[in-house]
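Engineer: Quick note on this note's numbering: the sequence shown kicks off at 134 and runs consecutively. Even glycine gets a Cβ: it sits at the ideal position worked out from N, Cα and C. Let me begin by handing over the structure; questions about it come next.
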Amino acid sequence: MMAPGRRSSTFTRLLRHGFTDPSAAERLLDGPELSPVRNDPFLLEALGGTADPDLALHGLVLLLEAQPGPTARRELLDTLIAAKPLRDRLLGVLGASAALADHLARHPRDWEALVTYEPRDLHPGVEEFERGLAGATDPVSLRVAYRRCLLSIAARDVCGTTDLAETAAELADLATATLRAALGLARAAAPDDAALCRLAVIAMGKCGGHELNYVSDVDVIFVGEAVDGADEGKALRAAAKLAAHLMRICSETTVEGSIWPVDANLRPEGRNGPLVRTLSSHLAYYQRWAKTWEFQALLKARPVAGDLALGAEYVAAVGPLVWQAAERENFVVDVQKMRRRVVENIPVAEVERELKLGPGGLRDVEFAVQLLQLVHGRADASLRSGTTLDALQALAAGGYVGRADAEQLDAAYRFLRSMEHRIQLYRLRRTHLVPEAESDLRRLGRSLGLRTDPVAELGQEWKRHAAVVRRLHEKLFYRPLLDAVAQLASGETRLSPKAARERLVALGYADPASALRHLEALASGVSRKAAIQRTLLPVLLGWFADSADPDAGLLNFRKVSDALGKTPWYLRLLRDEGAAAENLARVLSAGRLAPDLLMRAPEAVALLGDGDGGGLEPRGRAQLEQEILAAVRRADGVVQAVTAARGVRRRELFRTSAADIVASYGTEAQPVEADQGALVDLVGGAVSDLTAATLAGTLRAVVRDGWGDTLPTRFAVIGMGRFGGHELGYGSDADVLFVHEPRDGVDEREAGEAANKVVSEMRRLLQLPSADPPLLIDADLRPEGKSGPLVRTLKSYEAYYRRWSLGWESQALLRAEVVAGDEELGRRFIELIDPLRYPADGLGEEAVREIRRLKARMESERLPRGADPKLHTKLGPGGLSDVEWTVQLVQMRHGSTHPGLRTTRTREALAAARDAGLIPGEDVATLDEAWVLATRVRNAVMLVRGRAGDTFPSDPRELVAVGRYLGYGPGRVGDMLDDYRRTARRARGVVDELFYSG
């Protein structure tokens, strides 16, 4: 009857000590291996103190079973019970690492490595680890010795004898000793090769930074030189053999597993480059070809094995190049984009579990610290540590990072790295994913000292630290700029003016002195406005830096803030709606047009605030007309009425341009619009609808002012060119025809005078100097051009077209569409011209030849002097004119028999020609791509320069801005121009075949 009671008591004690399977634990404790000590209170307490008591007990039993005999087993048990340091170390390792428990079971005497507890064993370095590996004579014995050394590192780690930084340094030192031992084995296997060359092994990454993980690729670069008198080619081949053998020794899997992969892909040209280069070859590459990320990687370069003198020469030679990297154009943007690419490549299912690469992960801290080191390490040698935590401390001490921010990041980094270490230690596998199983999470939480509710506490702490990193990692770069111009608390170190200017230059600011003045104006003071802007500016500065003109972005933000800073809704908008702040930053730094429109009425910034993007959705023509006509009705006089209409136009132009910019640049909430044609259609349709609504409102205002409710003649406005085709750009004039028809009983002369007065007043009022952009009305496509009357009656048009119409006029009428005024009159005008633009019998050969002659003459005569034809978006080969004339020729030839061709829109006509089998699908795709690209370039030029243009800007910064709008990142202007030429050249080939030969 006593057994059940005793079992129940033991069961309860095991539960209390953290065992999750007390029944299994009780059986193990009752087994022959542990029966002598099963009731020892120190053993049970020590097991309960481990990360996983069940795992520790199971590992201890395996170790005891593996002992060669009863004497050895008794020796282990006696030492375990008598020596608390061994008990804590051994059981701590067994409770944290199944992999090391397996190692101990295979090598049952290796537990003795944990017995010694002398001061020199507390913090061993390379020398001590080299002694530990000295007996290794082949790859297998090297693995065994490596695991024995790793066992002691893990023991000190899990017992808290060493902290995170010390553990990572010990792991790096063990890797150094291992590389030296492996190179020694490789040299011994090929003494002739070893005699020919000097070979230095340069540690990179975490090994070079003295902050290695338990299981990680060890990144290296090899540098080789010939010994005196040896042929360089033979020496380098010999060095490459030794390097490759070293990598195999460490990387290959044997009966004892592998050590870790040695990765040499950080070398010049990566895996495509030679494994070993001379020092001069390395320098030649870095001076001419290296990318920004390669200099960032060299921050951690450290000679560790082989010819250390040669390694030191390498580090001394590349060092100056590393500290000049921040002077490279687009340096900060390059580094930040590299970080974003890493995040984008994480599988979606793993992002939330990714400790290292995910948002708020370890890489965020490392990238931020390295960025600051590269910017300020040029002038401050104290920042040149390869170790992340040491560098962070130095940055804080120098005032380059706020002290509180640095402390929070230090704590977060240590916690996340500790999580990473304990996750890897369990199976000694390379992983950065937080496990999902509750048992794994429980062990992980307990290993980090979270004992009350390990799983829940771990989740909370992880999320808290990751949130700190997400919040601070980018602001880390920008916040000290605000401290540099603000009043700091006593004892705080601020960024010096020189360092602040360096940082701004690295961010791409051309005028850092002015930028600092703007920051001071925005962030100084104790007002609510200043407080909110101090919170926002670190993020805004990052977005401005990710543009072609950070200076303009910051200046424009100051202007908007000066205009609206005392408006409560403005501050709430920026504070509470993340999309609004980023949208504003993109708009203010993308060029001149959108900021100019905004500055004329800053309250339009409210359009940026809808988090779903709906605030930037262009409004339809009916809705615009309704608003404008209502404003006209309320206005007191014609000038006020048209001013109201122009005000709506200005606001809606801003809405459309902002939507275009945000979709082209992309934001955190809205990715870049992949369909470039959709963006062209959005702008063309929105601006055309807006122009039509503005003309409708202006017409109503002029008629009401001069004649009351009814004009003595019916009056219609016909859109032509891009206006009629729904393809207007930001800077396009409104090409129109005016048609009227006297009302019953009205004298034709009176009607004509009224119509002409309407046209004159509309043109005048829409061009009056004001805060709103003018709308230029161009009627040059009318019969007889500039020599003919501005307005004609419908009968006059009919007479002219019947008797005098030329081929080019019929072609121009392909774009004609009613846009304002009397709809019934407009419909009859369209019925009048349909037979002209879509001839019943198509076009005769002479008419086709005439169109071709006119096009050829236009190409030779109208191209501006000095313009590069290959880059002229309108008249150049493969440009807008080429595509449109080709499409229009097909429309005039076949429009009468193919109704789908009867459209004023170029892209719709192309698609209809394809569907009708008139143009091959591949050719349609080529022409459409060229037309869309040329239109996007024209839109970009207007957005960037604030004035229309048909070719790429000559100013370098403006050219970069056009590239950013088109999706070309920093340093890719040449790619943009090459792509345009290639696209246009392909389109011209199709035009030559279809237009000139077809």
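Assign residue 808 to one of two classes, buried (16 or more other C-beta atoms within 10 Å of its C-beta) or exposed (fewer than that).
Structural biologist: It is exposed - the Cβ of residue 808 has fewer than 16 other Cβ atoms within 10 Å.
Engineer: Taking the C-alpha atoms as reference points, what is the distance between residue 963 and residue 740?
Structural biologist: Taking the straight line joining both Cα atoms gives about 38 Å.
Engineer: Between which two residues does the alpha helix (DSSP H) holding residue 577 run?
Structural biologist: Residue 577 -> alpha helix (DSSP H) spans 571-580.
Engineer: For residue 747, collect the residues of the same chain with a Cβ closer than 8 Å to its Cβ; drop the 5 residues on either side in sequence, then sort them by chain order.
Structural biologist: Because the pLDDT of residue 747 is 49, which lies under 50, any placement of that residue in the model is unreliable, and the number read from its coordinates should be weighed accordingly. So no residue of the chain qualifies.
Engineer: What does a CB cutoff of less than 6 Å around residue 229 pick up in its chain, not counting 5 residues either side in sequence?
Structural biologist: Correct list, in chain order: 184, 291, 558, 580.
Engineer: Return the Cβ separation of residue 224 and residue 180 in integer angstroms, given the expectation that the two are a contact with Cβ distance under 8 Å.
Structural biologist: At roughly 6 Å, the Cβ-Cβ gap stays under 8 Å, so residue 224 and residue 180 are in contact.
Engineer: Find the nearest neighbour of residue 931 within the set 907, 922, 966, 957, judged by alpha-carbon distance.
Structural biologist: The residue with the shortest Cα to Cα distance from residue 931 is 966.
Engineer: Using CA coordinates, which residue listed in 643, 490, 605, 1095 is at the minimum distance from residue 541?
Structural biologist: Residue 605 is the option with its Cα nearest to residue 541.
Engineer: Taking residue 1057 as the reference, give the member of 1066, 494, 1043, 1065 with the closest Cα.
Structural biologist: Closest by alpha carbon: 1043.
Engineer: What are the residues that DSSP puts in a beta bridge with residue 875?
Structural biologist: Answer by DSSP bridge pairing, in chain order: 846.
Engineer: So for residue 256, helix, strand or coil by DSSP?
Structural biologist: Here residue 256 sits in coil by DSSP.
Engineer: Tell me residue 336's beta-bridge partners as DSSP assigns them.
Structural biologist: Answer is 353, 435.
Engineer: Do the region 810-830 and the region 857-865 meet, that is, are 3 or more Cβ pairs less than 8 Å apart?
Structural biologist: Yes, they touch.
Engineer: In whole angstroms, what separates the C-alpha of residue 521 from that of residue 553?
Structural biologist: Using only the alpha carbons, I get a separation of about 16 Å.
Engineer: Report the option in 243, 959, 247 whose CA atom is closest to the CA atom of residue 218.
Structural biologist: The candidate whose alpha carbon is nearest that of residue 218 is 247.
Engineer: Would you list the residues sitting across from residue 851 in a DSSP beta bridge?
Structural biologist: The partner list for residue 851 (beta bridge, DSSP) reads 870, 951.
Engineer: Can you find the residues in the same chain that come closer than 6 Å, C-beta to C-beta, to residue 948, ignoring five residues on each side of it along the sequence?
Structural biologist: The answer, listed in chain order, is 853, 854, 857, 858, 1037.
Engineer: Measuring alpha carbon to alpha carbon, tell me which of 474, 782, 561 ends up nearest residue 762.
Structural biologist: The shortest C-alpha separation from residue 762 is found at 782.
Engineer: For residue 378, which residues of its own chain have a beta-carbon under 6 Å away from its beta-carbon, when the five flanking residues on both sides are left out?
Structural biologist: 319.
Engineer: Leaving out five residues before and five after residue 438 in sequence, what residues of the same chain have Cβ atoms less than 6 Å from its Cβ?
Structural biologist: For residue 438, where only same-chain residues beyond five positions count, the Cβ hits under 6 Å are 312, 313, 316, 334.
Engineer: Do the region 523-543 and the region 279-291 touch if we need at least three Cβ pairs shorter than 8 Å?
Structural biologist: No, they do not touch.
Engineer: Under DSSP, the alpha helix (DSSP H) around residue 1116 begins and ends at which residues?
Structural biologist: 1106-1124 is the extent of the alpha helix (DSSP H) around residue 1116.
Engineer: Report yes or no: do three or more beta-carbon pairs, one from the region 865-875 and one from the region 910-926, lie closer than 8 Å?
Structural biologist: Yes: at least three Cβ pairs fall under 8 Å.
Engineer: Which residue marks the beginning of the alpha helix (DSSP H) containing residue 249, and which one marks its end?
Structural biologist: Element bounds for residue 249: n/a, residue is neither H nor E.
Engineer: Beta carbon of residue 771, beta carbon of residue 714: below 8 Å?
Structural biologist: Contact: no.
Engineer: Would the beta-carbon of residue 834 fall within 8 Å of that of residue 775?
Structural biologist: Yes, the Cβ-Cβ distance between residue 834 and residue 775 is below 8 Å.
Engineer: Are the Cβ atoms of residue 532 and residue 516 separated by less than 8 Å?
Structural biologist: No. Outside cutoff.
Engineer: When you compare each of 841, 514, 828 to residue 1155 by their alpha carbons, which one comes out closest?
Structural biologist: Lying outside 134 to 1131, the shown extent of the chain, residue 1155 is not represented and no answer is given.
Engineer: Give me whichever residues DSSP pairs with residue 556 in a beta bridge.
Structural biologist: Beta-bridge pairing links residue 556 to no other residue.
Engineer: How should residue 376 be labelled, buried or exposed, when 16 other C-beta atoms within 10 angstroms of its C-beta is the threshold for buried?
Structural biologist: Buried, since its Cβ has 16 or more Cβ neighbours within 10 Å.
Engineer: For residue 1127, tell me which candidate among 985, 997, 268 has the shortest Cα-Cα distance.
Structural biologist: Selected option, being the one with the closest Cα: 985.
Engineer: Are residue 354 and residue 421 close, meaning C-beta to C-beta below 8 Å?
Structural biologist: Against a cut-off of 8 Å, the Cβ pair of residue 421 and residue 354 comes out as no contact.
Engineer: Quick one: grab the DSSP three-state call for residue 282.
Structural biologist: Helix, per DSSP.
Engineer: Do the region 478-490 and the region 559-578 touch if we need at least three Cβ pairs shorter than 8 Å?
Structural biologist: Touching, yes, given that three or more Cβ pairs across the two stretches are closer than 8 Å.
Engineer: Let me make sure I understand the geometry here. Which of 153, 640, 199, 1035 has the alpha-carbon closest to that of residue 188?
Structural biologist: Ranking the options by Cα distance to residue 188, first place goes to 153.
Engineer: Could you tell me how far apart the beta carbons of residue 299 and residue 236 are, in whole angstroms, since I believe they sit closer than 8 Å?
Structural biologist: That pair is no contact at about 22 Å.
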